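The sequence shown begins at 0 in numbering that gives the first Met the number 0 and counts up by one. Cβ coordinates follow ideal geometry from the N, Cα and C atoms, glycine included. Note that the coordinates shown come from a computational prediction; the quantities given were computed from them, not determined experimentally.
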Amino acid sequence: MEIIGELINTSRKLISEAVKKKDGQYIRYIAKLQQESGATYIDVNCGTFMQAEVEIMKWLVDNVLKGCSLPLCIDSPNPLALDAGLGKSQNGRPMINSITGEDERWSAVLPLIKKYNSKIIALCIDNTGMPKTQEDRLRIAEYLVSRLTDEGIDIHDIYIDPLIKPISAGEKHGVEVLDAIEEIMAKYPGIHTVCGLTNISYSLPARKLLNRTFMIQTMARGMDSYILDPTDNEMRASLMASQTLMGQDRFSRKFIKGFRDGIYK
Numbered sequence: 000m001e002i003i004g005e006l007i008n009t010s011r012k013l014i015s016e017a018v019k020k021k022d023g024q025y026i027r028y029i030a031k032l033q034q035e036s037g038a039t040y041i042d043v044n045c046g047t048f049m050q051a052e053v054e055i056m057k058w059l060v061d062n063v064l065k066g067c068s069l070p071l072c073i074d075s076p077n078p079l080a081l082d083a084g085l086g087k088s089q090n091g092r093p094m095i096n097s098i099t100g101e102d103e104r105w106s107a108v109l110p111l112i113k114k115y116n117s118k119i120i121a122l123c124i125d126n127t128g129m130p131k132t133q134e135d136r137l138r139i140a141e142y143l144v145s146r147l148t149d150e151g152i153d154i155h156d157i158y159i160d161p162l163i164k165p166i167s168a169g170e171k172h173g174v175e176v177l178d179a180i181e182e183i184m185a186k187y188p189g190i191h192t193v194c195g196l197t198n199i200s201y202s203l204p205a206r207k208l209l210n211r212t213f214m215i216q217t218m219a220r221g222m223d224s225y226i227l228d229p230t231d232n233e234m235r236a237s238l239m240a241s242q243t244l245m246g247q248d249r250f251s252r253k254f255i256k257g258f259r260d261g262i263y264k
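Okay, here's the thing in structure tokens:
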């Protein structure tokens, strides 16, 4: 299970304020906290600072690397910011968030995957737009996987994001994603699937409950990577319990350690 820590994102108020104040100590603290909480990658996103994104990305990456020893997931719609962050990444192979099947995005991001030998999140969007059905997701996923592997990208380095839509906007949105995950994981041995969980609960109450429950459901269908807040103990508890019950925790050692560490009772 790979956990991409989502907290170094300037859409979050405290991170945005730290960037404005050039408070590197706070950025380093959040990076370290996510590592200590079980993250395997640290996502770095400063897309809210569009005019200065390249320089801020460099500053953020420098400070994140001082705070932790994890590889980074560089996250931006701006290829120049991706290049800037990847160029400073250390601590193992980086990840890019993300490529799509859209011509412009594909042309901008593919050279960066090769330049930095990075892993890649491939988002299920193409020139026709966002997927409306499970079949759309499967069609776009097949297109992305085929093109990436034809370009020499190893199947093990591809993370398909099936694109979660809010359940409040359509009662079948969750089921469509669950079915797509299962088919993608079965069709492409060695591939990964990944998602950010918060979209599923958008505009509804008790969002954390929905997010945690959906994580458990996606795990049961084969999803093996998540973009989430690893410092959320309720989420961590659900993750550990699910891994144990699904046979992914030899002799329940991780679950027992989580109990001893006080993550849950």
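Out of Asn96, Gly37 and Leu32, the CA that lies nearest to the CA of Arg235 is found in Gly37. Linking Ser200 to Val144 through their CA atoms gives a straight-line distance of about 28 Å. Contact annotation: Gly100 and Ile139 have beta-carbon atoms nearer than 8 Å. For secondary structure counted as the alpha helix (DSSP H) over 4 or more consecutive residues, the segment 114-151 holds these complete runs in sequence order: 133-149. Restricting attention to Gln50, Phe48, Val43 and Lys256, the CA atom closest to the CA of Leu59 is found in Val43. Taking 4 residues as the shortest admissible run, the segment 36-67 contains the following complete alpha helix (DSSP H) segments, listed from N- to C-terminal end: 52-66. With a 10 Å radius around the Cβ and a threshold of 16 neighbouring Cβ atoms, Pro110 comes out exposed.
Runs of the beta strand (DSSP E) lying entirely within the segment 174-222, each at least 3 residues long, are 191-195 in chain order. Distance between Cys45 and Asp135, taken at the CA atoms: about 30 Å.
Here the alpha carbon of Arg249 sits roughly 19 Å from the alpha carbon of Ile2.
Taking a 10 Å sphere around the C-beta of Leu6, we find 16 or more other C-beta atoms and assign the residue as buried. For Ile255, no beta strand (DSSP E) segment is defined; the enclosing uninterrupted segment is the alpha helix (DSSP H) at Arg252 to Arg259. Membership of Gly84 in the alpha helix (DSSP H) is indicated by the continuous run Pro78 to Lys87. Look at the beta carbons and you see the segment 202-210 not touching the segment 10-18: under three pairs across the two are nearer than 8 Å. Inter-segment contact for the segment 127-134 and the segment 78-97 is absent: fewer than three beta-carbon pairs are separated by less than 8 Å. With contacts defined as CB atoms closer than 8 Å, Ile152 and Ile183 fail to qualify as a contacting pair. Nearest Cα to Ile226 within the set Thr217, Val193 and Met218: Val193. If you draw a straight line from the Cα of Pro93 to the Cα of Ile73, it comes to about 7 Å. For Asp178, same chain residues with a beta-carbon under 6 Å away, outside a window of 5 residues either side, are Gln133 in chain order. Excluding residues up to 5 positions away in sequence, Asn62, Lys65 and Gly66 lie with their Cβ nearer than 6 Å to the Cβ of Arg27 in the same chain. Counting C-beta atoms within 10 angstroms of its own C-beta, His155 has fewer than 16 neighbours from the protein chains shown and is therefore classed as exposed. In the structure shown, Ile14 falls within a helical segment according to DSSP collapsed to helix, strand and coil. Taking Leu79 as the centre and dropping the five residues before and after it, the same chain places the C-beta of Val53 closer than 6 Å to its C-beta, in chain order. Per the coordinates, the alpha-carbon of Gly246 lies some 42 Å from the alpha-carbon of Asp22. Ile166 sits in a helix when the DSSP states are folded into three classes.
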